[in-house]
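Peer 1:
Right under this line is the structure:
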């Protein structure tokens, strides 16, 4: 069993993740195999398999990395307990729109599904259910609806327009209205 806290082990994982990020800038995840990723990361296939079972596992780690500092919707629209604006933590729409170093990861067709799978297993969903008074299943449905809408707009032609702040404000108002209606049920 490898020592996963070893600096060399971590550095190798970083190289593999960096290589996948680079490859995703030019091709979809479905076109990237272990051999190509290993070559790009300058590691052997055996080394790759010491760290990951498949390319999808690397991708899932990158999705988690992309979402690490994103402000959850439940926090964003819970003005009673939190500040609605958190300049040091981007909203989901902003992360998807800007992408940054991980734009290839975010733009891959598998991103949304992987992100929702990860989000399903977090305290964010439980918190969202508690704040809305919905069951966990219904809270997941509402969250899926909200985030898929944000995702669609943030990856559309509207995301790069000069009036993005007004578009984002309109989306926020729509979500806030929906959240308010749910709380009044």
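Residue numbers (this note's numbering): 301 to 485. For glycine and all other residues, C-beta sits at the position ideal for the given N, C-alpha and C.
Within 10 angstroms of the Cβ of residue 328, are there 16 or more other Cβ atoms? Answer buried if so, exposed if not.
Peer 2: Exposed.
Peer 1: So which of 339, 408, 392, 363 has the shortest CA-CA distance to residue 450?
Peer 2: For the residues 339, 408, 392, 363, the minimum Cα distance to residue 450 belongs to 392.
Peer 1: Helix or strand or just coil, what does DSSP make of residue 432?
Peer 2: Residue state, collapsed to three classes: helix.
Peer 1: If I measure Cβ to Cβ from residue 468 and keep anything under 7 Å in the same chain, skipping five residues before and after, which residues do I get?
Peer 2: Result list for residue 468: 393, in chain order.
Peer 1: Exposed or buried, what is residue 465 when buried is set at 16 or more other beta-carbons lying within 10 Å of its beta-carbon?
Peer 2: Exposed: under 16 other Cβ atoms inside 10 Å.
Peer 1: Tell me where the alpha helix (DSSP H) around residue 359 begins and ends.
Peer 2: Start and end: 355 to 367.
Peer 1: Is the beta carbon of residue 316 less than 7 Å from the beta carbon of residue 355?
Peer 2: Their beta carbons are not under 7 Å apart, which means residue 316 does not touch residue 355 by this criterion.
Peer 1: Which residue's Cα is closest to the Cα of residue 455: 435, 399, 320?
Peer 2: Here the closest residue by C-alpha is 399.
Peer 1: On a CA-only basis, which of 433, 310, 308, 367 is nearest residue 482? Give me that one, please.
Peer 2: Closest option to residue 482, Cα to Cα, is 433.
Peer 1: Work out the CA separation of residue 425 and residue 310 for me, nearest whole Å.
Peer 2: Cα to Cα, the separation comes out at about 30 Å.
Peer 1: Under 7 Å, do residue 324 and residue 408 count as touching if we go by C-beta distance?
Peer 2: Cβ atoms of residue 324 and residue 408: closer than 7 Å.
Peer 1: Could you work out which residue in 389, 361, 346, 438 is closest to residue 369 when comparing CA atoms only?
Peer 2: Comparing Cα positions, the closest option is 389.
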